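J.: Just dropping this structure here.
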Amino acid sequence: MLKVVIIDDEPKIRRGLKSLVEKVRLDMEVVGEAEDGEMALEVAKKTLPDILLVDICMPFLNGLQFIEQVNSILQDCIIIVITGHDEFSYAHKAIKLQVFDYLLKPVFEDQLENVLKRAAQQLLNSRLQNHYLNWTNQETKKHLPLLREAFCKDWVNGQLSEEYIRSQLAFLELDLSPVSGMIALKVAGQYTRGQLLKDWERELLVFSIENICVELLEPWQPYIIFHDRVDNLIAITPLLNPSDWYELSAALQQVIEQHLEQVVIVAQRPLVDLLSGVSSVYNELTLELNRKVSYTPAVLLSQKHIEANYYKEDFSLQNLAEIIKISPTYLSRLLKNEIGVSFVEYLTQVRIEKAIQMMGDPTIKLYEVAEKVGYSNQHYFSNTFKKVVGLSPAEYRKKGNWR
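Using our numbering, you'd call the opening residue of the sequence shown number 3 and step up by one each time.
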């Protein structure tokens with residue numbers, strides 16, 4: 003039943019309007035009356051009516067002033083102005099206040115019945131629409147994780163326009179830092195007795211890895227995390243501190259391997275363009291992951307140990323072979339055959355990559371960078387860096403090429 007409140011300073015008119023409302027039998031009930039605008043505000047707050055019948059000329063707070071104030075209290079209420087003043091200025095002001103209709107006194111039964119029928123229909127239509135919108139919003143929120151996952155998969159595959167990407171990021175409430183980077187993570191399998199065993203249930207493994215990553219990424223807000231079409235985990239995070247960001251992938255790798263006993267491969271790149279650049283960076287990272295996952299277990303473990311021990315100045319092929327428990331000669335041949343470079347060349351590549359990452363932090367001096375990547379002699383570090391990169395460390399940092 004719809005609730006009606008009548009506001010008029012004349013008791014006789016209030017009684018007449020109440021009688022008419024009851025007479026037209028439109029499933030409506032008069033739940034309150036008021037003789038001035040101030041009293042009407044209190045009645046409206048208390049009863050929350052669906053329809054207001056409002057006289058314009060009332061003491062203390064006239065009808066138009068009352069309507070201005072009540073509009074901020076009742077968002078879904080039909081207001082019908084009833085007055086004896088047949089003046090355009092009143093009608094014009096009432097229309098500006100978005101009243102439903104404007105009736106002149108005396109009000110006849112058929113007039114009131116007609117306007118109340120239309121008011122009831124509009125309320126029904128409005129509430130049906132609101133119900134549908136609420137349902138749509140609830141369904142959207144319920145399926146938001148799936149919608150985000152589907153969007154991100156299309157995004158990294160380069161299937162979307164920049165305009166569409168921008169609109170979907172807003173619609174799906176996906177926030178990104180202007181300076182961001184992408185991390186790609188792939189599980190190669192379980193390493194036991196020198197063999198890679200893919201014996202985990204895929205869905206359980208994917209779920210477990212994502213939970214671990216979500217926990218570790220908590221300080222890296224705002225971030226996006228999802229799985230691509232082949233179950234690689236992809237994360238886009240802020241890249242405000244380059245040194246810490248490059249360490250993040252190592253932390254992800256270490257924790258996953260420790261908890262799930264899986265061999266994990268990680269690759270990462272800064273994002274220069276958050277919209278059009280995502281797809282190209284994603285392709286670079288997945289190519290790197292796929293290349294690495296094709297290596298034998300010994301080579302995979304060698305890479306991991308080199309990347310974990312690169313900072314040790316005396317780290318050698320002999321040290322690595324002892325860790326892997328195979329002969330240095332055989333390990334050297336494996337590295338050359340599969341990754342195309344010798345142990346020393348690969349160690350140098352890792353050290354230079356790490357140096358470049360550290361150079362993104364202007365607070366770290368170049369001699370400190372050299373020491374942190376295993377070079378006690380800064381001159382030797384500079385020569386090696388220039389041989390690999392083509393520029394000295396100082397020139398490279400000055401050009402701002404670390405990203």
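Glycine residues also receive a C-beta, built at the ideal position from the N, C-alpha and C atoms. These numbers come from a predicted model, not from an experiment.
(1) Along the chain, where does the alpha helix (DSSP H) that runs through Y166 open and close?
(2) What is the DSSP secondary structure of Q71, counted as helix, strand or coil?
(3) Go to K5, then tell me how far its beta strand (DSSP E) extends in each direction, as first and last residue.
(4) Counting only the same chain and skipping the five closest in sequence on each side, list residues whose C-beta sits under 7 angstroms from that of I258.
(5) Distance, Cα to Cα, R150 vs S329?
(6) Out of K294, P299, T350, G342, point me to the one whose CA is closest to Y313's CA.
(7) Could you check if R335 is buried or exposed, using at least 16 other CB atoms within 10 Å of its CB as the buried criterion?
(8) By the 10 Å Cβ neighbour count, where 16 or more other Cβ atoms means buried, how is Q359 classified, buried or exposed?
(9) In whole angstroms, what is the alpha-carbon distance linking G196 and E324?
(10) For a quick check, are the C-beta atoms of I341 and V301 less than 8 angstroms apart?
(11) Looking at the unbroken alpha helix (DSSP H) that takes in Q1, where does it start and where does it end?
(12) Name the DSSP bridge partner or partners of V189?
(13) So, are the CB atoms of M184 and R271 less than 8 angstroms apart?
(14) Nearest to S179 by CA position, among S163, E165, A237, is which residue?
(15) Would you kindly check if the distance between the Cβ of G34 and the Cβ of P51 is under 8 angstroms?
(16) Please classify S182 as buried or exposed, where buried requires at least 16 other C-beta atoms within 10 Å of its C-beta.
(17) Is I82 closer than 8 angstroms to L105 when the C-beta atoms are compared?
(18) Would you kindly report the start and end of the unbroken alpha helix (DSSP H) that includes L289?
(19) Let me know the secondary structure DSSP gives P183 once reduced to three states.
(20) Would you tell me roughly how many angstroms separate the C-alpha atoms of L337 and N139, rounded to the nearest one?
T.: Put simply:
(1) In this chain, the alpha helix (DSSP H) harbouring Y166 covers 164-173.
(2) Q71 carries a helical assignment under DSSP once its states are collapsed to helix, strand and coil.
(3) Element bounds for K5: 4-9.
(4) Here the set comprises I211, I214, Q264, V266.
(5) Computed Cα separation, rounded: 49 angstroms.
(6) Its Cα nearest to that of Y313, the residue T350 stands out among K294, P299, T350, G342.
(7) R335 counts as exposed, since fewer than 16 other beta carbons sit within 10 angstroms of its beta carbon.
(8) Label assigned to Q359: buried.
(9) For G196, the predicted structure reports a pLDDT of 42, less than 50, and the residue's modelled location is therefore unreliable. The matter cannot be settled from this model.
(10) Contact: yes.
(11) The first residue shown for the chain is 3 and the last is 405, placing residue 1 beyond what the model contains.
(12) Per DSSP, V266.
(13) Yes, these two residues count as a Cβ contact at 8 angstroms.
(14) Comparing Cα-Cα distances from S179 to each of S163, E165, A237, the minimum goes to A237.
(15) Closer than 8 angstroms, so yes.
(16) A residue is called buried when at least 16 other Cβ atoms come within 10 angstroms of its Cβ; S182 meets this threshold and is buried.
(17) Yes. Within cutoff.
(18) From DSSP, the alpha helix (DSSP H) with L289 extends over 279-295.
(19) Note on residue identity: the sequence assigns Gly, not Pro, to residue 183. Reduced to three states, the DSSP call for G183 is strand.
(20) Between L337 and N139, the alpha-carbon positions lie close to 55 angstroms from each other.
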